[in-house]
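What follows is one structure encoded as structure tokens, with my remarks underneath.
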Amino acid sequence: MKSVLQIILASIALESAAAANTAEIRFCANESSSFHFYNKAGTEKSETPGILIDFIYDLEKKLSLPIKIIRRTRRACRTLIESNEVDAYGPVSYEVSRDKGWAYPPLKNGVPDPQYAFTNAGYTIFYNNGSSFSWTGERISDLAKFKIGALEGNSVVANLKSEGVEAQTFKSVAAMLKRLQNKELDAVAVHDNQVERLKEKMGFKQHEKVLYTRGYFIIFSDNFYNANKTMAETIWKFSSEYINSPEGKKAKKKYDHLEDF
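As structure tokens, then:
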């Protein structure tokens, strides 16, 4: 007996075959690597393309619809989706300022409903073993006295600033961690999955207090969403179930032995 999701997917596949405006979904993905959601551009056909790419390929099969992966910088992807030059992007967290030109899942209590998140990830503080860095974890504003690094474009930058903490931003994880190793930074605030697996090798310590946890969603351009609401809503549902699905668990297992991309 088919599940409701299978029936909806089959219906979408039939609709999309006849709809010219959904002949292909243009999915923008960041050029830079980020364990384990993205791999480097040009390696999409490898055995370990990253969970996001694995998800896209699985979705492509279920929709019977071509998905074109377009690699651009984070900033370029956001510009392209706002101008409707690509159809989808993500996973990305929610900010009110971003809710213009981007179609997020339905809001609940002022933010996209968590049940539609592709994944949930926490921002964590990492610092050098044996350093004088000390934070109680009670007030983020107490970090203002330290030199804190963060990645350009990440929501943590604005969140730290709202607490009076001016973070020094970097375009790459490698450059930022090098500065931390050289003791030019006191600590960095990043997604735990970006540094956690490297902390012992690089001599870092992870603070036990998570700054905050965010949901990360697949988003669509306004034009695409308005023309394909049923498809978009089904993709949101499918994306939220993927990582814990048999296919998602199998995909993730491929990356567990890797240190980083």
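Mapping of the sequence shown onto this note's numbering: residues 521 to 781, in sequence order.
Note that the Cβ used here is the ideal one computed from N, Cα and C, for glycine as well.
On a predicted model such as this, the values are computed, not experimentally measured, just so you know.
The beta strand (DSSP E) enclosing Phe-758, as first and last residue numbers: Unbroken run through Phe-758 is the alpha helix (DSSP H), 749-762; no beta strand (DSSP E).
Have a look at Ser-536 and Gly-673 and give me their C-alpha separation to the nearest angstrom. With a pLDDT of 45 at Ser-536, under the threshold of 50, the modelled position of this residue cannot be trusted, and the question is left open.
The beta strand (DSSP E) with Thr-689 in it runs from where to where? 688-690
Simplified DSSP state of Val-676, which is helix, strand or coil: Helix, per DSSP.
Per the contact definition of three or more C-beta pairs closer than 8 Å, is the segment 565-582 in contact with the segment 695-704? no
Quick check on the burial criterion: 16 or more other C-beta atoms within 10 angstroms. Buried or exposed for Asp-776? exposed
Whole-angstrom distance between Asp-607 and Arg-734, CA atom to CA atom: 23 Å
Can you list the alpha helix (DSSP H) stretches of 4 or more residues lying completely in the segment 681-721, in chain order? 693-701, 712-715
Are Ile-645 and Ala-687 closer than 8 Å when you measure CB to CB? no
Among the residues of its own chain, which have a CB less than 7 Å from the CB of Ala-771, if the five just before and after it don't count? Cβ within range, chain order: Ile-571, Asp-574.
Quick one: using the 10 Å Cβ neighbour count with 16 as the cut-off for buried, is Ala-695 buried or exposed? exposed
Please classify Tyr-636: does DSSP put it in a helix, a strand, or coil? helix
For Thr-593, tell me which candidate among Leu-663, Asn-559, Pro-569 has the shortest Cα-Cα distance. It is Asn-559.
Apart from the five residues just before and just after Cys-548, which ones in its own chain have a Cβ nearer than 6 Å to its Cβ? Ile-590, Arg-592, Cys-597, Leu-600, Val-606, Tyr-609
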